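Report on the following structure.
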Amino acid sequence: MDMHILAVTSDPAERQQLERMRGSSPTDDAVITLRFAGDLADLCRAAALAPDLILVNPLLEDTPVSDVWHALSVACDRTPVVILAPDTGLPQAQEAVRLGAVTYIVTASTSRELLRRILQSVVVATRFSQSPATDHRQDGLVLESIADAVISTDEWGRVSYCNLAGRRLLGLEMAQLLGRPINELMRLQDPKSHIEMEHPALQTLASGAVVRIAPGSILIRPDGSELMIEDATAPIHDRCGRVCGVVMVFHDMTNARELQAQVDHLAWHDFLTGLPNRFAAQRHLNRILKEAEADRLPLAVMYLDLDKFKLVNDTLGHAAGDALLVSVAARLRGCFRVVDLISRQGGDEFVVLMAPGSDRADATQAAQRISAAVALPHQLDGEPIHIGCSIGIAVYPGDGDSGDVLLRHADTALHAAKAAGRNVWRFFNQDLLSTAIERRQMENGLRQALGTAQFELFYQPKVQLSDGALCGCEALLRWQHPVWGWVDPARFIRSAEESGLIVPLGRWVLSQALSQAKRWEREGRMPGAMAVNVSALEMRQGDFAGYIGDHLAEAGLDPACLQLELTESALVRDVNGASALLQRLKSIGVSLAIDDFGTGYSSLSYLADLPIDLLKVDRSFVHGIDHAAPRRQTLLRAVLALADNLAIAAVAEGVETGREADFLTEAGCVQGQGYYYSRAVDAHTFEQMFLAPPRV
1 MDMHILAVTS
11 DPAERQQLER
21 MRGSSPTDDA
31 VITLRFAGDL
41 ADLCRAAALA
51 PDLILVNPLL
61 EDTPVSDVWH
71 ALSVACDRTP
81 VVILAPDTGL
91 PQAQEAVRLG
101 AVTYIVTAST
111 SRELLRRILQ
121 SVVVATRFSQ
131 SPATDHRQDG
141 LVLESIADAV
151 ISTDEWGRVS
161 YCNLAGRRLL
171 GLEMAQLLGR
181 PINELMRLQD
191 PKSHIEMEHP
201 ALQTLASGAV
211 VRIAPGSILI
221 RPDGSELMIE
231 DATAPIHDRC
241 GRVCGVVMVF
251 HDMTNARELQ
261 AQVDHLAWHD
271 FLTGLPNRFA
281 AQRHLNRILK
291 EAEADRLPLA
301 VMYLDLDKFK
311 LVNDTLGHAA
321 GDALLVSVAA
331 RLRGCFRVVD
341 LISRQGGDEF
351 VVLMAPGSDR
361 ADATQAAQRI
371 SAAVALPHQL
381 DGEPIHIGCS
391 IGIAVYPGDG
401 DSGDVLLRHA
411 DTALHAAKAA
421 GRNVWRFFNQ
431 DLLSTAIERR
441 QMENGLRQAL
451 GTAQFELFYQ
461 PKVQLSDGAL
471 CGCEALLRWQ
481 HPVWGWVDPA
491 RFIRSAEESG
501 LIVPLGRWVL
511 SQALSQAKRW
521 EREGRMPGAM
531 AVNVSALEMR
541 QGDFAGYIGD
551 HLAEAGLDPA
561 CLQLELTESA
571 LVRDVNGASA
581 LLQRLKSIGV
591 SLAIDDFGTG
601 YSSLSYLADL
611 PIDLLKVDRS
621 FVHGIDHAAP
631 RRQTLLRAVL
641 ALADNLAIAA
651 VAEGVETGRE
661 ADFLTEAGCV
671 QGQGYYYSRA
681 VDAHTFEQMF
691 LAPPRV
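Residue numbers (UniProt numbering): 1 to 696.
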């Protein structure tokens with residue numbers, strides 16, 4: 001059902017949120033015509049266009065609510081008014097409802113879908129109340145065509161109308177519905193407790209207010225089957241203002257909930273093995289440490305990785321490496337109790353968190369079980385593969401009293417085990433802290449490199465999967481030490497983050513990337529947006545958005561040429577703070593991407609709430625996807641579908657083969673990046689490989 005809405009607000013952020021509501025919805029084919037008025041004078045002029053509904057911010061120019069309401073009553077007559085309530089404006093919103101507004105909505109905590117649902121229910125209820133009885137047939141023709149279910153009742157809660165979508169969801173014909181109590185036809189249960197709920201239609205009849213049930217509430221249909229629904233229920237008033245019925249607008253969200261459950265599972269589990277991921281392990285470790293402290297019990301933390309795993313990947317291929325990881329994960333599950341947690345940290349690294357009460361003797365026995373189980377031959381494509389593992393162990397409380405310290409010390413012990421010849425285990429001890437010397441050397445090397453010419457930016461292309469055309473590039477930092485040679489980026493980036501040097505390092509990268517982009521732009525061969533990685537620590541620096549804007553202005557570069565790649569963990573730590581920062585960055589004109597999606601939280605909530613332009617699907621989703629198990633392929637398609645429904649572009653990282661690229665193209669992924677197209681190369685090589693000659 002189409003809606004013409006007039007929004008009276010001068011808040012840019014609020015306007016932007018309402019604009020997002022107007023975007024396409026997977027569950028609603030309604031077209032929303034949205035007009036804005038910035039003040040009461042604009043309101044009076046725009047009201048002449050006879051909108052279906054008016055949205056008003058009660059804090060409009062600090063005007064008293066009574067004055068706002070008087071202007072509305074004069075200009076808009078019987079047009080329904082819904083109040084947009086910022087967190088600081090609840091008293092004014094409640095006062096407006098007392099004066100005659102239909103309801104108020106706390107915009108900061110209301111999703112786009114729910115906002116559409118509420119407004120639609122109010123408009124439908126208003127049309128019912130304002131149309132003569134002879135016009136209801138014409139209204140019904142409109143309501144029959146919309147995707148949402150619409151059902152109305154009389155003042156006693158008996159069904160007076162149900163559109164085609166509603167009849168399909170309930171599995172009944174109109175004759176089976178009319179005149180029957182709505183609470184008998186639609187039994188509802190709480191989504192968490194499964195306790196039967198009072199029907200929202202009866203609540204609205206009793207209170208005269210708009211009622212919203214919790215998303216995912218369970219509808220038990222007359223045939224006993226169940227659906228998950230989301231709804232908004234609004235009162236119908238007669239010409240005297242008395243509540244004479246209700247309109248309920250609802251839709252089936254069962255599939256969406258199942259998809260959300262899949263993505264939520266990904267947030268806390270490793271995509272390949274199904275084991276809890278490092279975020280789940282950290283959460284669990286913090287919880288069991290509290291138990292161990294309260295009961296004065298030890299607990300063991302084990303860090304392990306596979307010996308010479310890279311050799312398997314290099315000789316047999318990544319598919320064999322993945323199969324080996326799955327086999328090892330299954331062996332590890334068989335070595336422990338259900339109260340212990342086994343986690344994949346990434347690559348070939350695993351962490352085991354033994355339950356409180358596990359001491360050195362328990363950890364020793366567990367290490368023996370692991371070594372014996374992993375050493376048995378693994379059958380890969382009918383061929384036996386032998387591999388060992390190294391294990392590092394730290395025990396609470398002697399080796400540390402926090403999760404971070406225990407994991408770090410277990411990792412230190414792991415490195416000692418590998419140095420001892422592999423396929424052994426070692427307990428942490430203070431002598432192993434010599435590795436701290438190496439960390440200090442790395443930190444000192446980074447500080448020195450910042451003052452010399454040891455760093456260089458390399459560039460990796462992003463391409464359109466459909467035709468391989470260049471559509472952007474990512475700037476990647478490389479370090480050539482005068483003694484150590486080329487340093488593994490994973491090593492020095494981790495050291496930079498731990499030492500705080502990532503901030504000046506990130507600023508150097510941004511400055512160099514903008515300078516290079518400006519040179520290419522000046523030569524008329526800009527490759528598309530220049531992507532630059534941003535660490536969580538950089539984002540937490542004061543006025544980060546101002547810093548970005550200043551450097552763009554200094555470089556004389558169009559902000560649209562810059563794309564910032566952010567990590568999920570940097571965003572979900574403080575969603576409200578991240579939202580404000582990202583809104584400022586968007587106002588500058590840069591685009592925003594989520595890097596390595598699928599390795600962190602992967603939660604729909606922040607994707608819906610934050611102004612993200614691009615989602616970079618992690619290489620663990622992409623690798624071998626063309627011949628992966630159907631469930632893996634389905635999960636990747638689900639991620640791509642989610643991005644598409646949220647109007648977020650997707651780029652696949654780590655594309656290594658043409659078959660992977662073909663699968664991604666067919667699955668709806670637009671862009672790709674990886675060795676199949678090119679490794680990261682220096683600027684000169686990038687120009688020769690991908691850019692046209694400069695304009696003369």
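Note that CB positions come from ideal geometry on N, CA and C, so glycine has one too. None of the values given here were measured: they were computed from a predicted structure.
Closer than 7 Å by C-beta to residue i: which residues in its own chain qualify, once you throw out the five before and the five after it? Chain order, please.
i, result
"residue 506", "534, 535 and 538"
"residue 515", "555"
"residue 421", "none"
"residue 773", "In this structure the chain extends from 1 to 696, so residue 773 is not present and cannot be described."
"residue 179", "158 and 159"
"residue 418", "390"
When you compare only the Cα positions, how much space is there between residue i and residue j?
i, j, result
"residue 429", "residue 401", "14 Å"
"residue 581", "residue 686", "32 Å"
"residue 148", "residue 258", "19 Å"
"residue 372", "residue 390", "12 Å"
"residue 267", "residue 606", "12 Å"
"residue 67", "residue 465", "57 Å"
"residue 350", "residue 342", "7 Å"
"residue 7", "residue 477", "47 Å"
"residue 203", "residue 495", "59 Å"
"residue 45", "residue 35", "12 Å"
"residue 143", "residue 689", "57 Å"
"residue 138", "residue 164", "Confidence is the limiting factor: at residue 138 the pLDDT is only 47, short of 50, which leaves the residue's position unreliable and the question unanswerable from this model."
"residue 231", "residue 638", "25 Å"
"residue 174", "residue 161", "8 Å"
"residue 517", "residue 621", "30 Å"
"residue 277", "residue 433", "27 Å"
According to DSSP, is residue i helix, strand or coil?
i, result
"residue 104", "strand"
"residue 218", "strand"
"residue 396", "strand"
"residue 623", "coil"
"residue 616", "strand"
"residue 297", "coil"
"residue 138", "With a pLDDT of only 47 at residue 138, under the threshold of 50, the placement of this residue in the model should not be trusted, and no figure is reported."
"residue 212", "coil"
"residue 273", "coil"
"residue 525", "coil"
"residue 236", "strand"
"residue 354", "coil"
"residue 389", "strand"
"residue 452", "coil"
"residue 124", "helix"
"residue 183", "helix"
"residue 676", "coil"
"residue 279", "helix"
"residue 156", "coil"
"residue 511", "helix"
"residue 478", "strand"
"residue 190", "coil"
I believe residue i touches residue j by the beta-carbon criterion, under 8 Å. Please report the beta-carbon distance rounded to the nearest angstrom.
i, j, result
"residue 549", "residue 473", "Their Cβ separation, rounded to whole angstroms, is 22 Å, which puts residue 549 and residue 473 out of contact at 8 Å."
"residue 344", "residue 395", "Not really, about 22 Å apart at Cβ, beyond 8 Å."
"residue 299", "residue 354", "6 Å"
"residue 186", "residue 219", "6 Å"
"residue 653", "residue 619", "5 Å"
Give the range of the alpha helix (DSSP H) segment to which residue i is assigned.
i, result
"residue 199", "Premise fails: residue 199 is in no alpha helix (DSSP H) and is neither H nor E."
In terms of residue numbering, what span does the beta strand (DSSP E) encompassing residue i cover?
i, result
"residue 464", "455-464"
"residue 430", "From DSSP, residue 430 is part of no beta strand (DSSP E); its letter is neither H nor E."
"residue 385", "383-385"
"residue 317", "That residue, residue 317, is in no beta strand (DSSP E); it is neither H nor E in DSSP."
"residue 343", "341-346"
"residue 248", "243-252"
"residue 563", "562-567"
Beta-carbon within less than 8 Å of residue i's beta-carbon, same chain only, minus the 5 sequence neighbours each way: which residues are those?
i, result
"residue 651", "462, 593, 614, 615, 616, 617, 669, 670, 671, 672 and 673"
"residue 634", "none"
"residue 154", "160, 244 and 245"
Apart from the five residues on each side of it in sequence, which residues of its chain come closer than 6 Å, Cβ to Cβ, to residue i?
i, result
"residue 610", "579 and 582"
Taking 8 Å as the threshold (beta carbon to beta carbon), is residue i in contact with chain D?
i, result
"residue 274", "In summary, chain D is missing from the structure at hand, where a single protein chain is found."
Could you tell me if the beta carbon of residue i falls within a distance shorter than 7 Å of some heavy atom in the ligand ZN?
i, result
"residue 163", "Although the ligand ZN was asked about, the structure shown includes no ligands whatsoever."
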